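Asks: Residue numbers (our numbering): 35 to 600. C-beta atoms are modelled at their ideal positions from N, C-alpha and C, and glycine is treated no differently. Here the structure is a predicted model, which means the values were calculated and not measured. Got a structure for you, written out below as structure tokens; questions coming shortly.
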Ligand SMILES: Nc1nc2c(ncn2[C@@H]2O[C@H](COP(=O)(O)OP(=O)(O)OP(=O)(O)O)[C@@H](O)[C@H]2O)c(=O)[nH]1
Ligand SMILES: [Mg+2]
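Dropping the structure here:
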């Protein structure tokens, strides 16, 4: 097929343009209305004109290598027939124009216009054919070797515009019917006529379409018939002068520059996107650093925050000591001498559970404080992310619906620390020895007092009133002494217990310190995950950019290799 090199370059360019267009479409690269995509697919139009029966249809068949156009000794082409690629069908486009679609590869690149003879009896076809001749890539004016003097054909050629004439060649058909020595004479004559009628000598090709068709149809190509057809020079002319014409080359160059410009625009778009993503990455890192700074300042302020826990601790110590004092009252103490005394265990249990509540209350308040700080910070972060990245980062991950869960985790962490913190106080079993000593002395005095009362009763019964009264007085004194001891020891025990507990306050707060710090770190880790969605989207955008960059690079390389063939 003529123009193979041209078509190979054109197809490669057209394929690249499609791929580049696909990539541009994917990234919504705006079209440049001032640079429309060059049309590469326009096939080359070859038109054949000449007298009836001159061999126009056969000439086109010789080019295609198939019996595409009906040909025969009687006038066959009675209307203008435009052969194009497509599913086999003939469609009348107007009275004298038929569009013939044929599923033949040759027609992908060439469109062929077959016309009735210039001297045909059918009128009006010239008006249909002439516009095609004006924009055809090649007009073949066909003469027969037997009679190349046909006036009607020369008249038709004379009507062509200089522009169309520059794309016209003369064909002397059926040279196989002539002797070899006649051909130069005919060609000389044709040249003279061309000069005379047109003022210039057009390219002239002596051909035998019959042999060309025969050569192309035989498998392998019949070399002898091919030589006799003289189609080699003719097709070479079509390749060089028609397919590789300045106009066509210009279209290829335009397409190449269009593709190159689009790739450059894609590259700069990707570059902007890549830099934008890097900047976004930095921007997010800065926000994360802000979050870290907030966390660090919260950690630094942790001892101060734990001061609040210490306050609550002290308040609870006062309450527990008041309750201890109540239990150490004289009558209650006396009653417990007979019922058994569980004061130490009860007070310590109450103390432990109160401390648990202290930790819980403190943790809830502290979590609320930290979450509020995060939430407040997020209120400044969110609009910045929206403005900078055009992405909606969503809600703060420690506030809103998540608040309760985050608080519960923080509280649980501190509650877990309480038994350890209490163990560090070493207040368990402190009360017990105090209480046992007190109860022992109270029991002794109470026992002595009771025995004196019993003795007084016995003396009274035996009539020794004097003795009875004395013993009774002594017993009252003993009970009085016991009451004084009870009062004094109660105050002492309460004071000693209070002092012991208060001294342990700092130890208790210290016991919470590590878990409190860890709680803060975990809470801020949760908070920093507020940016996860944005980070994920950024990573997805980066991941999508990479293969596009690679595609753009390989398209550029492919385009460069086409440039060498241009
Ligand atoms: N010997 C010989 N005969 C040819 C050659 N080309 C065409 N013919 C014959 O010439 C006659 C006319 O051929 P066509 O191709 O139909 O001519 P045409 O110009 O298309 O004729 P119309 O369409 O009727 O105007 C047919 O009988 C062909 O077989 C050739 O190269 N050598
Ligand atoms: Mg014909």
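(1) Using alpha carbons as the reference points, say which of 449, 588, 414, 434 lies closest to residue 398.
(2) Return the CA-CA distance between residue 552 and residue 443, expressed in angstroms with no decimal places.
(3) Around the C-beta of residue 566, are 16 or more other C-beta atoms found within 10 angstroms, so that it is buried, or is it exposed?
(4) Would the beta-carbon of residue 90 be found less than 6 Å away from any heavy atom of ligand 2?
(5) Rounded to whole angstroms, how far is the Cβ of residue 54 from the Cβ of residue 589, which I believe are closer than 8 Å?
(6) Quick one: residues in its chain with C-beta nearer than 7 Å to the C-beta of residue 545, no 5 flanking neighbours on either side, listed in chain order?
(7) Give me, in chain order, the residues of the same chain whose beta-carbon lies closer than 7 Å to that of residue 564; leave out the 5 immediate sequence neighbours on both sides.
(8) Within a Cβ cutoff of 8 Å, which residues of the same chain sit near residue 234, ignoring the five residues on either side of it in sequence?
(9) From residue 113 to residue 592, what distance separates their C-alpha atoms?
(10) Identify which residue in 83, 137, 209 has its Cα closest to the Cα of residue 147.
(11) To the nearest angstrom, report how far apart residue 543 and residue 433 are at their CA atoms.
(12) Strictly by DSSP, which residues pair up with residue 83?
(13) According to DSSP, which residues form a beta bridge with residue 239?
(14) From the DSSP secondary-structure annotation, give me the bridge partner or partners of residue 118.
(15) Return the chain-ordered list of same chain residues with a C-beta closer than 6 Å to the C-beta of residue 142, the five sequence neighbours on each side being excluded.
(16) Assuming residue 271 contacts residue 241 (C-beta within less than 8 Å), just tell me the rounded distance between them.
(17) Kindly give me the distance between the Cβ atoms of residue 392 and residue 536, rounded to whole angstroms, as I take these residues to be in contact under 8 Å.
(18) Which whole-angstrom value is the C-beta distance of residue 296 and residue 58, which I expect to be below 8 Å?
(19) Using DSSP with H/G/I as helix, E/B as strand and the rest coil, what is residue 146?
(20) Could you have a look at residue 126 and say whether DSSP puts it in helix, strand or coil?
(21) Considering only residues of the same chain and omitting the five flanking positions on each side of residue 520, which have a CB-CB separation below 7 Å?
(22) Does the stretch 569 to 583 come close enough to the stretch 481 to 494 that 3 or more CB-CB pairs lie under 8 Å?
(23) Since residue 237 contacts residue 203 with CB under 8 Å, what's their CB separation in whole angstroms?
(24) Here's the rule I'm using: 16 or more other beta-carbon atoms within 10 Å means buried, otherwise exposed. How should residue 414 be labelled?
(25) Thinking just about the alpha-carbon of each residue, which of 470, 573, 409, 340 is nearest to the one in residue 371?
Replies: So, from the listed chains and residues:
(1) 449
(2) 11 Å
(3) exposed
(4) yes
(5) 6 Å
(6) 451, 454, 455, 458
(7) 412, 427, 430, 431
(8) 199, 228
(9) 45 Å
(10) 83
(11) 27 Å
(12) 175
(13) 205
(14) 135
(15) 119
(16) At roughly 11 Å, the Cβ-Cβ gap does not stay under 8 Å, so residue 271 and residue 241 are not in contact.
(17) 14 Å between Cβ atoms; not a contact.
(18) 6 Å
(19) strand
(20) strand
(21) 364, 367, 476
(22) no
(23) 4 Å
(24) exposed
(25) 470
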